[in-house]
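Read through the structure below, which is laid out as structure tokens, and then see the notes.
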Amino acid sequence: MSLRDPGKAPDGSNIALLDTAGYASDCNFSALIPQHAMKPYRLLATMELIQALDITAHCRTVVPPLVKPGVLAQYHAEGYLANLGLHNCGSWRWGPESSKAVFSGDCPPAEGLVEHALAIASGTLMGAVLLNSGQVNVAMHWGGGMHHAKCGECSGFCYVNDIVLGILELLRCYPRVLYIDLDMHHGDGVDEAFCQSDRVFTLSLHKFGDSFFPGTGHPRDCGYGRGRFYTMNLALWDGINDFYYISIFKYALHRIVSQYHPNVIVLQCGADSLAGDRLGLFNLSSWGHGECVREVKSLGLPLLALGGGGYTIRNVAKLWAYETSILCGFPIPVHTTIPFKEMPCTGWLFEDSPFLLVPRDESHRVPPVYHPQEAYQIILDQINRGVSKIGVGSLQNHLASVVKHEEDERECSIRNDTRHD
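In my numbering, the protein residues as written are 541 to 961.
Rendered as structure tokens:
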């Protein structure tokens, strides 16, 4: 089976779950850096939990074949890909000289890295192909969502930008794509790829400031050229809770959809916005995060849902299993007990945390801003201003091109008149 011939879905099944856990779990970043935050077995834990909760009865599970490395060159620089594939991991050592290589501290080389990168791209591309062909209306790939990788640079635990590759595939069939990023970190790689396009609208809710990684996503950044006003960066405050997050998200979503009229949505469901995440500063429960996913699904548009950040492994698995049930149309109660004994490889993660719900941190480990209502109103005003300008950038560029065309014609006419004289 190829990406161009994914086969037919069973009758009544218009939802696909892309399973790449068998590939990704073989990649071990912590072999060289034991304290590395990215644990590939989080995807295995997610898939085992989805199966143990019998959510797979409500969707079609697809194990995509690995794409050829050349497919990644649709976005990534060939020299960068060559360095990823040909680098000798055995000769690499952590030290100051590491920065001179394609790898870095947060993106080290590892055994199985090439297959890991290909698997990430393959799952997301297969989801996009299934949507393009009309075989499914919802495709999920929790192994995807690597939004920091650039054209020629790995960054933030991301080696390939499967999101960009998936969006490029969707643009073959859909005129307008709405990309939504729920990760606590700004999706700088996706932003960089499409900031000059009016065919992709990017909405990102993230933390900004205080030298927080990756340092991009300022609220004033709204795109360039034809893409001006097709980017919306909502910088949220530390400790934001379900009420404010959901309110902001729903307001932004419906204002953008009513003005931009997207044909398909790509949703990055980064789990590091959950309370208690190792690298997180927000205070969302899994219910609150899931409400955002539920709202996107309610629009009824073709949807590609992807994973992303998330570094408290069992919470990541709980969230994505819960959101899988939402997207399948059979939401599991958040207080469901986890059948961890039916999870042979990763059940141990849940022995002392047996419920699906990831609660808010009632101890307020991350204190909210002193005046959240004021910050909330500032963001709503930003949304209103941003939405009112959708299309203005394209119109300005169109008018500029018309003026330039008329000037060129006038100059050409003057030259012809001079020549005849």
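For every residue, glycine included, the Cβ atom is placed at its ideal position computed from N, Cα and C.
- Message: Here's the rule: buried if 16 or more other CB atoms are within 10 angstroms of the residue's CB, otherwise exposed. What is Ala597?
- Response: As a position in the sequence shown, residue 597 is number 57, starting the count at 1. So Ala597 ends up on the exposed side.
- Task: Measure the CB-CB distance between Leu867 and Val898 and report whether it falls below 8 Å.
- Result: Residue numbering aside, residue 867 sits at position 327 when the sequence shown is read from its first letter. Residue numbering aside, residue 898 sits at position 358 when the sequence shown is read from its first letter. Contact flag unset, no.
- Complete beta strand (DSSP E) runs within the stretch 671-701 (minimum length 3 residues, chain order): Whole beta strand (DSSP E) segments, 3+ residues: 678-681.
- Relative to the alpha-carbon of Lys579, which residue among Pro609, Phe697, Thr601 has its alpha-carbon at the smallest distance? Walking along the sequence shown from the start, residue 579 turns up at place 39. Among Pro609, Phe697, Thr601, the Cα nearest to that of Lys579 belongs to Phe697.
- Item | Residues that DSSP places opposite Ala845 in a beta bridge | Position 305 of the sequence shown holds residue 845. Bridge partners of Ala845: Met680, Leu807.
- Taking just the CA atoms, how far does Leu839 sit from Asn554? To locate residue 554, count along the sequence shown from 1; it is residue 14. To locate residue 839, count along the sequence shown from 1; it is residue 299. Between Asn554 and Leu839, the C-alpha separation is close to 15 Å.
- Are the stretch 875-894 and the stretch 722-742 touching, with three or more C-beta to C-beta distances below 8 Å? No, they do not touch.
- Is there contact here, the stretch 658-666 with the stretch 813-828, by at least three beta-carbon pairs under 8 Å? The stretch 658-666 vs the stretch 813-828: no contact.
- Excluding the 5 residues preceding and the 5 following Gln614 in the sequence, name in chain order all residues of the same chain whose CB lies nearer than 7 Å to its CB. Translated into the one-based positions of the sequence shown, residue 614 becomes position 74. Once the five neighbours on either side are set aside, the close Cβ partners of Gln614 are Leu705, Leu708.
- Query: Using the rule of at least 16 other Cβ atoms within 10 Å of the residue's Cβ for burial, across every protein chain shown, is Asn773 buried or exposed?
  - Reply: Within the sequence shown, numbered from 1, the residue matching residue 773 stands at position 233. When all chains shown are included, Asn773 counts as buried.
- Query: In terms of residue numbering, what span does the beta strand (DSSP E) encompassing His746 cover?
  - Reply: In the sequence shown, counting from the first residue as 1, residue 746 sits at position 206. Here the beta strand (DSSP E) through His746 covers 740-747.
- Run through DSSP, which three-state label would Ile918 get? Your numbering for residue 918 matches position 378 in the sequence shown. In the three-state reduction of the DSSP assignment, Ile918 falls in the helix class, which pools H, G and I.
- Find out if the Cβ-Cβ distance for the pair Gly729, His687 is shorter than 8 Å. The residue you call residue 729 lines up with position 189 of the sequence shown. The residue you call residue 687 lines up with position 147 of the sequence shown. Gly729 places its beta carbon less than 8 Å from that of His687.
- Item | Tyr791, enclosing beta strand (DSSP E) - first and last residue | In the sequence shown, the residue the question calls residue 791 occupies position 251. Per DSSP, Tyr791 lies in no beta strand (DSSP E); the unbroken alpha helix (DSSP H) holding it starts and ends at 782-800.
- By Cβ distance below 7 Å, which residues in the same chain neighbour Thr877 in space, the five residues on each side in sequence not counted? On the sequence shown, position 337 is the one that residue 877 refers to. Cβ neighbours of Thr877 beyond the five flanking positions: Pro894, Phe895.
- Message: Only counting the same chain, and skipping five residues up and downstream in sequence, which positions put a Cβ closer than 6 Å to that of Thr560?
- Response: Within the sequence shown, numbered from 1, the residue matching residue 560 stands at position 20. Within the same chain, Cβ atoms closer than 6 Å to the Cβ of Thr560 are found at Ala659, Gly663, Gly683, the five residues on either side in sequence being excluded.
- Query: Across which residues does DSSP place Ile555 in a beta bridge pair?
  - Reply: As a position in the sequence shown, residue 555 is number 15, starting the count at 1. DSSP lists Val678 as partners of Ile555.
- Query: Which value, in whole angstroms, describes the spacing of the CA atoms of His875 and Val856?
  - Reply: As a working mapping, residue 875 is identified with position 335 in the sequence shown. As a working mapping, residue 856 is identified with position 316 in the sequence shown. Distance from the CA of His875 to the CA of Val856, rounded to the nearest whole angstrom, comes to 16 Å.
- Range covered by the alpha helix (DSSP H) that runs through Arg834: For the purposes of this step, residue 834 is taken as residue 294 along the sequence shown, with counting starting at 1. Arg834 -> alpha helix (DSSP H) spans 826-838.
- Query: Distance, Cα to Cα, Gly816 vs Thr852?
  - Reply: Counting from 1 along the sequence shown, the entry for residue 816 is found at position 276. Counting from 1 along the sequence shown, the entry for residue 852 is found at position 312. One C-alpha to the other measures close to 8 Å.
- Message: Starting from Pro775, trace the beta strand (DSSP E) in both directions and tell me its first and last residue.
- Response: Numbered from its first residue, the sequence shown carries residue 775 at position 235. A small correction: the amino acid at residue 775 is Ala; Pro does not occupy that position in the sequence shown. Run containing Ala775: 771-776, per the beta strand (DSSP E) assignment.
- Task: Whole angstroms is fine: what's the gap from Tyr699's alpha carbon to His829's?
- Result: Translated into the one-based positions of the sequence shown, residue 699 becomes position 159. Translated into the one-based positions of the sequence shown, residue 829 becomes position 289. Each residue's alpha carbon lies about 26 Å from the other.
- Item | Nonlocal neighbours in the same chain, by C-beta distance under 6 Å from Gly685, ignoring five residues either side | Numbered from its first residue, the sequence shown carries residue 685 at position 145. Only Gln808, Leu846, Gly847, Gly848 meet the Cβ criterion.
- What residues in its chain sit with their C-beta under 8 Å from that of Val932, if we drop five residues either side in the sequence? Here residue 932 refers to the residue found at position 392 when the sequence shown is read from its first residue. For Val932, where only same-chain residues beyond five positions count, the Cβ hits under 8 Å are Arg768, Phe769.
- To the nearest angstrom, how far is it from the Cα of Tyr563 to the Cα of Lys858? Locating residue 563 in the sequence shown gives position 23, counting from the first residue. Locating residue 858 in the sequence shown gives position 318, counting from the first residue. Spanning the two alpha carbons is a distance of roughly 21 Å.
- Query: Does DSSP put Arg600 in a helix, a strand or coil?
  - Reply: Taking the first residue of the sequence shown as 1, we reach residue 600 at position 60. The answer is strand: DSSP assigns Arg600 an E or B state.
- Is Thr864 closer than 8 Å to Leu557 when the C-beta atoms are compared? Within the sequence shown, residue 557 is the residue found at index 17, counting from 1. Within the sequence shown, residue 864 is the residue found at index 324, counting from 1. Cβ distance < 8 Å, so Leu557 and Thr864 count as in contact.
- Task: Taking Phe734 as the reference, give the member of Gly755, Asn803, Leu711, Asn924 with the closest Cα.
- Result: Locating residue 734 in the sequence shown gives position 194, where the first residue counts as 1. Comparing alpha carbon positions, the residue from Gly755, Asn803, Leu711, Asn924 closest to Phe734 is Leu711.
- Item | 6 Å CB neighbourhood of Leu718 in its chain, flanking five on each side removed | Numbered from its first residue, the sequence shown carries residue 718 at position 178. Closer than 6 Å at Cβ, skipping near neighbours: Phe741, Pro802, Ile805.
- Query: Would you call Leu593 buried or exposed, if buried means 16 or more other Cβ atoms sit within 10 Å of its Cβ?
  - Reply: Locating residue 593 in the sequence shown gives position 53, counting from the first residue. Buried, by the Cβ-count rule.
- Secondary structure of Tyr719, DSSP reduced to three states: In the sequence shown, counting from the first residue as 1, residue 719 sits at position 179. Three-state result, Tyr719: strand.
- Nearest to Ile796 by CA position, among Ile918, Gly667, Arg716, Val676, is which residue? The count along the sequence shown starts at 1 and reaches residue 796 at position 256. Of the listed residues, the one whose Cα sits closest to Ile796 is Arg716.
- Item | Per-residue DSSP class, three states only, for Thr560 | Reading the sequence shown from its first residue, position 20 is the one you call residue 560. In the three-state reduction of the DSSP assignment, Thr560 falls in the coil class.
- Query: How many angstroms separate the CA atom of Ala657 from the CA atom of Glu618?
  - Reply: Within the sequence shown, numbered from 1, the residue matching residue 657 stands at position 117. Within the sequence shown, numbered from 1, the residue matching residue 618 stands at position 78. Each residue's Cα considered, the two are about 15 Å apart.
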